[in-house]
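Take a look at the structure below.
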Amino acid sequence: MLTGPERLSQRAQVAAVADAIGAELAVDELDREAARTRLARFVPEHEAEAVLRFLDDAAAGSSPATGTVEQVLGRPATPFRLWAHDHVADFA
378 MLTGPERLSQ RAQVAAVADA IGAELAVDEL DREAARTRLA RFVPEHEAEA
428 VLRFLDDAAA GSSPATGTVE QVLGRPATPF RLWAHDHVAD FA
């Protein structure tokens with residue numbers, strides 16, 4: 378699994394982007410069944426469930442960051458907050 382140097386929930390990712398662009402961003406959460414239904418339009422049901430479990434783990438902070446990016450690239454992964462600031466123009 379590839380992760381950055383820290384695992385962040387989707388809310389934390391949105392907060393980092395909001396900080397980078399200097400704007401408030403709203404988050405509308407889907408309940409699990411609605412999210413599964415939406416994902417299942419694009420991927421098989423078992424993959425949709427795997428994505429939801431991954432997101433649950435990230436939100437709960439129960440899955441650690443990995444060192445895979447550093448092993449592959451030979452350098453540490455870029456923190457999400459720094460990435461968001463470096464890509465402000467991409468959010469315009």
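Residue numbers for the sequence shown follow this note's numbering, beginning at 378 and rising by one. Ideal Cβ positions, reconstructed from N, Cα and C, are used throughout, including at glycine.
query: Would you mind working out which of Gln390, Gly381 and Val394 sits nearest Asp467, comparing C-alpha positions?; result: Val394
query: To test your reading of the DSSP string, which unbroken alpha helix (DSSP H) runs of 4 or more residues are found completely within the stretch 411 to 452?; result: 422 to 437 and 445 to 450
query: Ordered along the chain, which non-local residues of its own chain (more than five positions away) have a Cβ less than 7 Å from that of Ser386?; result: Ala435 and Ala436
query: So for Leu459, helix, strand or coil by DSSP?; result: helix
query: Would you check if the distance between the CB atom of Pro441 and the CB atom of Arg384 is smaller than 8 Å?; result: yes
query: Within 10 angstroms of its Cβ, does Ala470 collect 16 or more other Cβ (buried), or is it exposed?; result: There is simply no residue 470 to check, as the chain begins at 378 and stops at 469 in what is shown.
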